[in-house]
Ligand SMILES: Cc1ncc(COP(=O)(O)O)c(C=O)c1O
């Protein structure tokens, strides 16, 4: 019944719900003398009518319950979205970040009144330093891409402090789109480095690309193919020999905890996506957090502030030659609380198990699927792997997109598709350690069943999905006739005025 | 705590089917010289009971529940219960970006509605799905204006929040923009000094209310920008837009703001919500995700991520921004909040803040402990100059349970003795009276 209800009002907007006189939250009775906004603001007073929804609390409750039922989250089902690490998000962390001592403190409160928060942040800095093998940490960046910006600006400041103007940043062709986009924001040029036949950085090409104008390389390892680059030590050595620094995109740190650390692989700076490795929820697109860990040589350039400990007291300090703030206040504190809770709850021993199981589960799925789907790089993977539907496409005209859409009918969220760009018809699968063998097998069975459907009845796949609240959406129309905001159908009379 | 459901026996079966003897064999590609070779040096895990106790103990070391007159970009508004109930559902919380629209209509529609509400508030044509916070929204607006105008210099008012201006300068370190500041006179941007500065600029940036709570002449600032061929960027407080005109009607090209006041807790300053809206003609230069309404193959209404060729996953180094994850869940909270209060409610809340701020302002001046900072009209926040030592005043009032404003001197050296007070609808007359009495007794 509830499913029926959720689908019945499909597309009905909250603006189209309720009666004009309805209201949910009334402001309190004014207990001080009223001030007329017109007299206070003059010209700046609102004249255009404000068109917000007018609904009762009950209507809001039903509206968002209906929308929630149209959504798929990790709590709904298997979500093997490669590179995103859609693992279970512990509930205790949700409760913790809402504690009044965390959610109810103001960023400008005196430091002696927020020692618990600062202690937590300091503890998180220390844990991330231990896991990354890099001693200095900023918790300020709001996401992975923001961490990349922090890291690359720190690297830029380091070179500039030595009077060493450099202009290019090397990026493998398998890199995530945020890497080159960040390079451009930092005023550097991108030089793309090809991958070799084993999926790692082509070392010969790297040698050619390096030069005195190279500021850094940005590397993901395991990379976006889910492969560990066996030449990583040589790569970082060559980079350093050229006077450049090595930046590590830590989106995939969840594969290697307890085994190897970015610092020990020769990296100078790394960002860590707390919303991936440390189980903080993705929130339908955020907020996450992207702390950055760096070597001692880069520590003085970190963004302002970092948390320092002196005796028993914690405080914010500005690193000596800080690049400055990257956002207001000190970080996505609510997310930091959740990540801290995760690390403390799971513990050092548990984190090592997390990586081991993530890698085992990925290899298990890869073994089950590789005969039927193409495996462009046939070697053991880390926490994720990339298949290709190129053969199915050639033989039956079935594309990766069709497979992804068909998976929806099996009650599974599809993998990441068409990324990394170097694999044709890519399907990037990351099961995570929090899925049972039963779930993994059900997914493999679904993938195999879909491959059989592709042979027998490709049309079936072209039309998928069939069971979802809406079916394939007209994206071309969305671009051609942009409808990006609701507007009242009958414009109010004073709107012209 | 342990979240791994696979059993030991199942592990063995999985290894056998992969054809390797041990899990360690899967890590063979890691070079020996780099290996950690020891356990992770972090304490062992805790049970949930122990963890809950530890976290509660940490939270208890913080002083919360103060009667707050602190703002400075982070405000203690009331968060209606429906905001948490509606916005924190696991199906929203545990999803990722709506790349598969068929199973993401909940997130997509909620964000489309959020975008619609932002457009309604700001008077702009298009809004994105959010960026990180108000400060990064401002920096993104400057970068966007530079792309649109193919100019580099952005002129920012010295009355914009000092931290936001600093973020702008940090973003400028890449050399893609150059930042120049407009002087402040009597708490507001000195527009007379703007003329020359605006010439050849990509953007003119003002905030209204500004850092001091003062109302700027937004219309005049926008006109100056346009005269010089620059874009006008206006930073807003979304609550005050309940009674203040949306900058779209005053000439703004890009509107940014900190959305935390809309249903998000103060939470030590993060996560916030970066509001970002613009005129339709600049749509293709906007940063971040945008949701559009369309139909499915059966003609049913539905929503998708759209205009994606602006974004990093497609355009890479030519993208309009590097942003990927945004602050979607905070945007959802803002949407639930705005639906809950509605147009009348928002106006009422804004009006209550205005009246209470005025009441506190006048009463504090009457204590004789302060002198005025500015003669400009203000909204929910105002600055005064304290006639003594700010730190000891705040410390004394803290002991009595008050957060006595924001010490602007701590944020900006040039603002010694300036204290900024914010008053939300949560503050009662009784609380304000009691606070003023404490101030008077110092
Ligand atoms: C490899 C990689 N790098 C960087 C990012 C960017 O992280 P965020 O979305 O937190 O900005 C992602 C996330 O999608 C990623 O998968």
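Residue numbers (our numbering), protein chains in the order written: chain A, 39 to 535; chain B, 4 to 445. All C-beta atoms, glycine included, are put in the ideal place defined by N, C-alpha and C.
| DSSP-derived helix/strand/coil call for residue 320 of chain A | By one-based count along the first chain, residue 320 of chain A stands at place 282. Residue 320 of chain A: coil per DSSP, three-state reduction.
| message | Is there a C-beta anywhere in chain A that falls below 9 Å from the one on residue 240 of chain B? | response | Start at 1 with the first residue of the second chain, and residue 240 of chain B comes out as number 237. No, no contact with chain A.
| query | How about residue 423 of chain A: is its C-beta nearer than 9 Å to some C-beta of chain B? | reply | The residue labelled residue 423 of chain A in the question sits at position 385 within the first chain. Chain B, which has no Cβ nearer than 9 Å to the Cβ of residue 423 of chain A, makes this no.
| query | Based on the DSSP output, what are the partners of residue 233 of chain A in its beta bridges? | reply | Taking the first residue of the first chain as 1, we reach residue 233 of chain A at position 195. Partner(s): A/239.
| query | For residue 149 of chain B versus residue 183 of chain B, is the C-beta spacing smaller than 9 Å? | reply | Against the second chain, residue 149 of chain B aligns to sequence position 146. Against the second chain, residue 183 of chain B aligns to sequence position 180. No, these two residues do not count as a Cβ contact at 9 Å.
| request: Report the rounded CA-to-CA distance for residue 321 of chain B versus residue 193 of chain A, giving the unit in angstroms. | output: Counting from 1 along the second chain, the entry for residue 321 of chain B is found at position 318. Counting from 1 along the first chain, the entry for residue 193 of chain A is found at position 155. Distance between the alpha carbons of residue 321 of chain B and residue 193 of chain A is about 21 Å.
| When Cβ atoms are compared, which residues of the segment 179–191 of chain B fall closer than 8 Å to chain A? | 179
| query | Can residue 75 of chain A and residue 246 of chain B be called in contact, C-beta distance under 9 Å? | reply | Within the first chain, numbered from 1, the residue matching residue 75 of chain A stands at position 37. Within the second chain, numbered from 1, the residue matching residue 246 of chain B stands at position 243. Yes; because the gap between Cβ atoms is below 9 Å, this pair is in contact.
| said: With a threshold of 9 Å between beta-carbons, can residue 39 of chain A be considered close to chain B, or not? | reply: Counting from 1 along the first chain, the entry for residue 39 of chain A is found at position 1. Its pLDDT being 44, under 50, residue 39 of chain A is placed unreliably in this model, and the coordinates cannot settle the point.
| request: Tell me whether residue 178 of chain B is buried or exposed, calling it buried when 16 or more other Cβ atoms sit within 10 Å of its Cβ. | output: Counting from one through the second chain, the residue named residue 178 of chain B turns up at place 175. By the neighbour-count rule (16 or more Cβ atoms within 10 Å), residue 178 of chain B is not buried but exposed.
| Going along chain B, which residues have a C-beta under 7 Å from residue 370 of chain A? | As a position in the first chain, residue 370 of chain A is number 332, starting the count at 1. Residues of chain B passing the Cβ test: 273 and 274.
| query | If residue 248 of chain A sits next to residue 293 of chain A, beta carbons under 8 Å apart, how far is it from one beta carbon to the other, in whole angstroms? | reply | Stepping through the first chain from its first residue, residue 248 of chain A is reached at position 210. Stepping through the first chain from its first residue, residue 293 of chain A is reached at position 255. That pair is no contact at about 27 Å.
| message | 9 Å is my cut-off, CB to CB: does residue 111 of chain A come that close to chain B? | response | For the purposes of this step, residue 111 of chain A is taken as residue 73 along the first chain, with counting starting at 1. Interface residue, yes.
| query | For residue 72 of chain A, which residues in chain C fall below 8 Å Cβ to Cβ? | reply | Protein chains in the displayed structure are A and B, and chain C is not among them.
| message | Any beta carbon of chain A sitting closer than 9 Å to that of residue 227 of chain B? | response | Against the second chain, residue 227 of chain B aligns to sequence position 224. For residue 227 of chain B, the answer is no, since every Cβ of chain A falls outside 9 Å of its Cβ.
| query | Does the beta carbon of residue 536 of chain A fall short of 8 Å from some heavy atom of ligand 1? | reply | The shown model of chain A, from 39 to 535, leaves out residue 536 of chain A, and the question about it has no answer.
| request: Locate the beta strand (DSSP E) running through residue 185 of chain B, then write down its first and last residues. | output: Counted from its first residue, the second chain places residue 185 of chain B at position 182. Unbroken beta strand (DSSP E) run through residue 185 of chain B: 181–185.
| message | At the level of alpha carbons, what is the spacing between residue 589 of chain A and residue 56 of chain A? | response | Residue 589 of chain A falls outside the range modelled here, since chain A spans only 39 to 535, and no answer is possible.
| said: Rounded to the nearest angstrom, what separates residue 258 of chain B and residue 160 of chain B at their Cα positions? | reply: One-based indexing of the second chain puts residue 258 of chain B at position 255. One-based indexing of the second chain puts residue 160 of chain B at position 157. Approximately 15 Å between the Cα atoms of the pair.
| task | Using a cut-off of 8 Å between C-beta atoms, extract the partners of residue 308 of chain A located in chain B. | result | Sequence index remark: in the first chain, residue 308 of chain A carries index 270 (1-based). Per Cβ cutoff of 8 Å: no residues; residue 308 of chain A is ~14 Å from chain B at best.
| task | Mark residue 504 of chain A as exposed unless 16 or more other C-beta atoms lie within 10 angstroms of its C-beta, in which case mark it buried. | result | Residue 504 of chain A sits at position 466 when you count from the first residue of the first chain. Its Cβ having fewer than 16 others within 10 Å, residue 504 of chain A is exposed.
| request: Specify the secondary structure class of residue 114 of chain A as computed by DSSP and reduced to three states. | output: Within the first chain, residue 114 of chain A is the residue found at index 76, counting from 1. Coil at residue 114 of chain A, not helix or strand.
| How would you write the range of the alpha helix (DSSP H) that residue 439 of chain B sits in, first residue to last? | Stepping through the second chain from its first residue, residue 439 of chain B is reached at position 436. Its alpha helix (DSSP H) spans residues 432–443.
| request: Evaluate contact between the segment 271–282 of chain A and the segment 239–254 of chain A, counting only Cβ atoms and requiring at least three cross-stretch pairs below 8 Å. | output: yes
| To which residues of the same chain is residue 352 of chain B closer than 7 Å at the C-beta, ignoring the five residues directly before and after it? | Counting from one through the second chain, the residue named residue 352 of chain B turns up at place 349. Closer than 7 Å at the Cβ level, and outside the excluded window around residue 352 of chain B, lie 242, 245, 344 and 428.
| With contact counted as at least three CB pairs below 8 Å, one residue from each stretch, are the segment 45–53 of chain B and the segment 59–75 of chain A in contact? | no
| message | Going by C-alpha to C-alpha distance, which of B/15, B/28, B/6 and B/10 sits closest to residue 417 of chain A? | response | Position 379 of the first chain, counted from the first residue, corresponds to residue 417 of chain A. Comparing Cα-Cα distances from residue 417 of chain A to each of B/15, B/28, B/6 and B/10, the minimum goes to B/28.
| query | What in chain A is Cβ-close to residue 246 of chain B, meaning under 8 Å? | reply | For this step, residue 246 of chain B is matched to residue 243 along the second chain. 75, 79, 83 and 84, listed in chain order.
| query | With distances taken between CB atoms, is the gap from residue 486 of chain A to residue 403 of chain A smaller than 9 Å? | reply | As a working mapping, residue 486 of chain A is identified with position 448 in the first chain. As a working mapping, residue 403 of chain A is identified with position 365 in the first chain. Result no, Cβ atoms of residue 486 of chain A and residue 403 of chain A do not sit closer than 9 Å.
| message | Do residue 49 of chain A and residue 89 of chain B count as a contact pair if the criterion is CB distance below 9 Å? | response | Position 86 of the second chain holds residue 89 of chain B. Position 11 of the first chain holds residue 49 of chain A. No, the Cβ-Cβ distance between residue 89 of chain B and residue 49 of chain A is not below 9 Å.
| query | Would you say the segment 504–515 of chain A touches the segment 118–130 of chain B, given that touching needs at least three Cβ pairs under 8 Å? | reply | no
| task | Tell me where the beta strand (DSSP E) around residue 304 of chain B begins and ends. | result | In the second chain, counting from the first residue as 1, residue 304 of chain B sits at position 301. It spans 304–309 - the beta strand (DSSP E) in which residue 304 of chain B sits, taken as one unbroken run.
| query | Which residues, in order along the segment 291–317 of chain B, keep a beta-carbon less than 9 Å from a beta-carbon of chain A? | reply | 292, 293, 294, 295, 296, 297, 298, 299, 300, 301, 303, 304, 305, 306, 307, 308, 309, 310, 311, 312, 314, 315, 316 and 317
| query | In terms of residue numbering, what span does the beta strand (DSSP E) encompassing residue 208 of chain A cover? | reply | As a first step, residue 208 of chain A must be located in the first chain, where it is residue number 170. Residue 208 of chain A -> beta strand (DSSP E) spans 206–210.
| said: Can you confirm whether residue 294 of chain A, when its beta carbon is compared against all beta carbons of chain B, has any partner nearer than 9 Å? | reply: As a first step, residue 294 of chain A must be located in the first chain, where it is residue number 256. Chain B contact via Cβ: present.
| message | Here's the rule: buried if 16 or more other CB atoms are within 10 angstroms of the residue's CB, otherwise exposed. What is residue 346 of chain B? | response | Taking the first residue of the second chain as position 1, residue 346 of chain B is located at position 343. Buried, by the Cβ-count rule.
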